[in-house]
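Numbering of the sequence shown is given in the working numbering, commencing with residue 76 and proceeding in unit increments.
C-beta: ideal position from N, C-alpha, C; glycine also.
Since the model is a prediction, treat every value here as computed from it, not as a measurement.
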Amino acid sequence: MRYAKISTAAGAGYVSVEQRDGVEWAVDPIASPAEDPVVPIIFEPAPLDTFTLLAPVRPSKIVCVGRNYKAHASELGNDVPAEPLLFFKPPSSLLAPEGAIELPPASISSRVDHEAELGVVLGARVRRASVEEARAAIFGCTLVGDITARDLQKKDGQWARAKGMDTFCPVGPVVVTGLDPQALTITCRVNGEVRQRGSTADMIFSVASVIAYASQVMTLLPGDLVVTGTPSGVGPLHGGDVLEIEVPEIGTLKVTVAAPPA
Ligand code: ZN
């Protein structure tokens, strides 16, 4: 199943998405996930890009893993971690497809990078899970930009500001169930130029092992979003850039970059 969350004059709701002649269409209203109770909307089927898209997730928390691809750890001069390196992004950082990443004023940060990542949505409550139990709790896959103020990441030690700014977590455009999260090719383009390309088969810690690891210390809830690390090729974003993150089986998440306030 593929689904999106759209906004119409009648309200916001979840819709099934299907390919018709190579174009993604919003087809039928579907029940919303338990963590985001909204009334199903009534609408005429139409190409998905004729609707305003909303973030298709409503996580209680966004659990991310850093340095989960060897080549990316190396490019920033870091060793490969012995255990998953976890951090959070706040739900307030979520950005809908076609939204705009807001660069902070230069007085706060002058280096904001793209990191293209696979996002995994949980479908069950998970606490102190085995890897097998964690795998069974995976509901679906989506695309995430782990937007990062690289200078603040280095300066602060803690990554709350660097990773947690409003708009620093673009997500979508759809959630897709039934995919193998370790068999996907993820590509990042800026202004049409490929900047990152990697296979999720190259993750140091699998999605299920990251979920199991996190669940030893925190309860993960249905709808929580796990952001699984970025392949190599990270680089800066500037005002006016167009950022695209693509996994063919999921689609393309496209957002723009708004220049910082003067
Ligand atoms: Zn990342």
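Exercise for review: Keeping to the same chain, check which residues put their C-beta closer than 8 Å to that of Glu110; ignore five residues upstream and five downstream.
Suggested key: The residue labelled residue 110 in the question sits at position 35 within the sequence shown. Correct list, in chain order: Arg133, Pro134, Ser135, Leu296, Pro297, Gly298.
Check your understanding: What do you reckon, is the C-beta of Thr262 under 7 Å from a heavy atom of ligand 1?
Key -> Taking the first residue of the sequence shown as position 1, residue 262 is located at position 187. No, ligand 1 has no heavy atom inside 7 Å of this Cβ.
Exercise for review: Check each residue's C-beta against every heavy atom of ligand 1 and list, in chain order, those closer than 5 Å.
Suggested key: Glu190, Asp221, Thr305
Point to revise | Pick from Ala199, Val269, Leu312, Gly247 that is closest to Ala224, judged by C-alpha positions | key: The residue given as residue 224 occupies position 149 in the sequence shown. When each option's Cα is compared against that of Ala224, the closest is Leu312.
Check your understanding: Candidates Thr217, Ile176, Val187, Val201: which alpha carbon is nearest Val340's?
Key -> Given that the chain is displayed from residue 76 to residue 337, the structure contains no residue 340 and the question cannot be resolved.
**Study point:** Whole-angstrom distance between Asp255 and Ala276, CA atom to CA atom
**Key:** Counting from 1 along the sequence shown, the entry for residue 276 is found at position 201. Counting from 1 along the sequence shown, the entry for residue 255 is found at position 180. Cα to Cα, Ala276 sits roughly 10 Å from Asp255.
**Study point:** Whole-Å CB distance - Met278 paired with Gln291, under 8 Å assumed
**Key:** Locating residue 278 in the sequence shown gives position 203, counting from the first residue. Locating residue 291 in the sequence shown gives position 216, counting from the first residue. That pair is no contact at about 19 Å.
**Study point:** Distance between Pro179 and Ala337 (C-alpha atoms, nearest Å)
**Key:** Locating residue 337 in the sequence shown gives position 262, counting from the first residue. Locating residue 179 in the sequence shown gives position 104, counting from the first residue. When rounded, the distance between both Cα atoms is 10 Å.
Check your understanding: Any idea which residues DSSP pairs Val322 with across the strands?
Key -> Working through the sequence shown from its first residue, we reach residue 322 at position 247. Beta-bridge pairing links Val322 to Gly326.
Review point. Going by DSSP, which residues form a beta bridge with Tyr89?
Key: By one-based count along the sequence shown, residue 89 stands at place 14. BP columns for Tyr89 point to Lys80.
Point to revise | Cα-Cα separation between Val114 and Ser107, rounded to whole angstroms | key: The residue labelled residue 114 in the question sits at position 39 within the sequence shown. The residue labelled residue 107 in the question sits at position 32 within the sequence shown. Computed Cα separation, rounded: 8 Å.
**Study point:** Through-space distance from Pro120 to Leu318, alpha-carbon basis
**Key:** What you label residue 318 is simply residue 243 of the sequence shown in a count that begins at 1. What you label residue 120 is simply residue 45 of the sequence shown in a count that begins at 1. So the two alpha carbons sit approximately 28 Å from each other.
Check your understanding: For the alpha helix (DSSP H) that Leu227 lies in, which residues bound it at each end?
Key -> Here residue 227 refers to the residue found at position 152 when the sequence shown is read from its first residue. 225 to 231 is the span of the alpha helix (DSSP H), which, as asked, contains Leu227.
Practice item. Could you tell me whether the Cβ atoms of Phe60 and Ile176 are closer together than 8 Å? Key: Lying before the first or after the last residue shown, residue 60 is absent from the chain, which here runs from 76 to 337.
Check your understanding: Based on Cα-Cα distance, which residue from Lys238, Val251, Ser82, Ala235 lies nearest to Leu129?
Key -> Here the question's residue 129 lines up with position 54 in the sequence shown. That would be Ser82, whose Cα lies nearest to the Cα of Leu129.
Exercise for review: Classify Gln271 as buried or exposed, calling it buried when 16 or more other Cβ atoms lie within 10 Å of its own Cβ.
Suggested key: As a first step, residue 271 must be located in the sequence shown, where it is residue number 196. That one is buried.
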